[in-house]
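Reviewing the structure listed below.
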Amino acid sequence: MYEGWVDAGYFTADPTSDKPGYSIVLPPPNVTGSLHMGHALDHTLMDVLSRRKRMQGYEVLWLPGMDHAGIATQNVVEKQLAADGKTKEDFGRELFIDKVWDWKRESGGTIGGQMRRLGDGVDWSRDRFTMDEGLSRAVQTIFKRMYDSGLIYRAERLVNWSPVLQTAISDIEVKFEDVEGELVSLRYGSLNDDEPHVIVATTRVETMLGDTAVAVHPDDERYQHLLGTTLEHPITGRQIPIIADDYVDPEFGTGAVKITPAHDPNDFEMGLRHNLPMPTIMDKTGKIADTGTQFDGMDRFEARVKVREALAEQGRVVAEKRPYLHSVGHSERSGESIEPRLSLQWWVKVEELAKAAGDAVRNGDTTIHPASLEPRWFGWVDNMHDWCISRQLWWGHRIPIWYGPEGRSAASDPTRPRPRAGSRTPMSSTPGSRPDSGRSPRWAGRSRLQSSRSSTPQAFSSPATTSCSSGWPG
């Protein structure tokens, strides 16, 4: 019966209809899995709403689609390769992506079949996949417009880094678990109690290789004589300044904290406030790197043991390691503890966008049902921070950026051919520039260009389904 309704066009929306319009965009489920009970509930609610509106005389479009699920899909295919002793690097980017498409064709029909069994009254003639050519063009067009408007920029900031997946991941993909760690107290400065020194405690002693300051509260009398002075780093030998910052709780521990700006969110903010150096001491795999010490090349957890042993040999471990229950973020996809890491990524400026989203509800342009959920909406849009929209993944929408000399970058126009070395392909060369004038930046025509290796996250690309349901951008 259901297939008869589909074939008869009962669920097909007519764009030329004179009836009032009513549309629902199905949040596209991930291609990696099957529908669960939450989907069944949501699909039932949307089906009820769409059928009711049809009976009330509306021209209804319930738009279906499926999400490419960048990080989840790549993780699944990489695990399949690992079972055969292979990695994606063994195939290279293009062949690996071909394998992902093969997997999608084999596995992608499960969800569509489940939706038909549920009786979803969607317009199957408009079914979309977020990696389809039209949707990919829409994502790149949106990126370029935001880039041209100055809403997208590139900067080094702290991200949630997955050493297993070797990519930045979003806050929502980090799950916190209580872990029995080891609290180590160590001594900076003189080993003589009568000479300048401070004692700090940490559960991640390996990060002290990236320490660039020790902070105390400005009103803490115990450390007033040390403010503005420096202490020698016991392993690297560099001078570590003693700084004052209101963030420090003088009642917690010794009242002094080590500052590792490139590997801790709070330390990063203090590093910005005090203009501290921010050396990154771990590579993308979680191994110690670029410290100029004997620990380079060690996995972070091995280094945790070895650094402590080295400090103990110097007599700088002033308290034996002791159990300490604390909350540690883990990657939802790969399971390992994530590493806060300073990384050069692409970001969206959210302040202007968040204000517009909040004002739309406050002004009545957008209505939230039920109204009791409005505080949740405002709690979200009024407390946003800039959004990292680049992922170091091969499967996904490639960021349409090309890099030239002297750190210059350009956003390519997705409706025109990709630029080549020596080409004159139109691009926008700087954020905030005027819309594409039809000319490329001067440096692009005489320079070797390199395309971005990063892709956009699922949350950036999925909303494009709402923009191109009627064929946009053409």
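If you want the numbering used here, it's the 1-based position in the sequence shown plus 378.
All C-beta atoms in this analysis are idealised placements derived from N, C-alpha and C, irrespective of residue type, glycine included.
- The beta carbon of Glu647 sits closer than 8 Å to those of Tyr625, all from its chain and outside the five residues before and after it, given in chain order.
- Under DSSP, Met660 takes part in a beta bridge, and its partners are Ile666.
- Setting aside the 5 residues that flank it on each side, Ala533 is surrounded in the same chain by Leu722, Gln723 and Trp725, each with a C-beta closer than 8 Å to its C-beta; the list follows chain order.
- An exposed status is given to Gln617, since fewer than 16 other beta-carbon atoms sit within 10 Å of its beta-carbon.
- Boundaries for Pro442: no alpha helix (DSSP H) harbours it, and the DSSP string shows neither H nor E there.
- Rounded to whole angstroms, Asp505 and Leu439 show a C-alpha spacing of 11 Å.
- If one requires a minimum length of 3 residues, the beta strand (DSSP E) runs lying completely within the stretch 677–745 are 695–709 and 717–726, in chain order.
- The C-alpha of Ala622 lies about 5 Å from the C-alpha of Val594.
- Lys636 and Val578 do touch by the CB rule: their CB atoms are close to 4 Å apart, below 8 Å.
- Between the beta-carbon of Pro657 and that of Leu536 there is about 13 Å, and that puts the pair past the 8 Å contact cut.
- Straight across, the Cα-Cα distance linking Ser503 with Leu561 is about 60 Å.
- Check the Cα spacing between Gln602 and each of Thr614, Pro628 and Thr585: the tightest is with Pro628.
- Taking every protein chain shown into account, the CB of Ser750 has fewer than 16 other CB atoms within 10 angstroms, so this residue is exposed.
- Closest by C-alpha distance to Arg523, out of Lys662, Ile475 and Pro792, is Pro792.
- Taking every protein chain shown into account, the CB of Ile666 has 16 or more other CB atoms within 10 angstroms, so this residue is buried.
- When the alpha-carbon of Arg686 is set against those of Arg600, Arg565, Val576 and Asp737, the nearest one is in Arg565.
- Around the CB of Val426, fewer than 16 other CB atoms lie within 10 Å, so the residue is classed as exposed.
- Three or more beta-carbon pairs separated by less than 8 Å are not found between the stretch 685–704 and the stretch 506–522, which leaves the two stretches without contact.
- Ranked by Cα distance from Ser540, the first of Ala837, Lys662, Phe673 and Trp758 is Lys662.
- Straight-line spacing of the CA atoms in Thr638 and Thr585 works out to 7 Å.
- The C-beta of Gln434 has fewer than 16 other C-beta atoms within 10 Å across all chains shown, which makes the residue exposed.
- Note on Asp760: under 16 other CB atoms within 10 angstroms of its CB, so exposed under the neighbour-count rule.
- Judged by their CB atoms, Ser832 and Ile777 are nearer to each other than the 8 Å cut-off.
- The three-state reading of DSSP puts Leu654 in coil, since its state is none of H, G, I, E or B.
- Taking the CA atoms as reference points, Pro851 sits about 14 Å from Ser839.
- Non-local beta-carbon contacts of Pro442 in its own chain, meaning distances under 6 Å to residues more than five positions away in sequence, involve Leu404, Val500 and Asp505 in chain order.
- Gly713 and Ser563 have their C-alpha atoms spaced approximately 28 Å apart.
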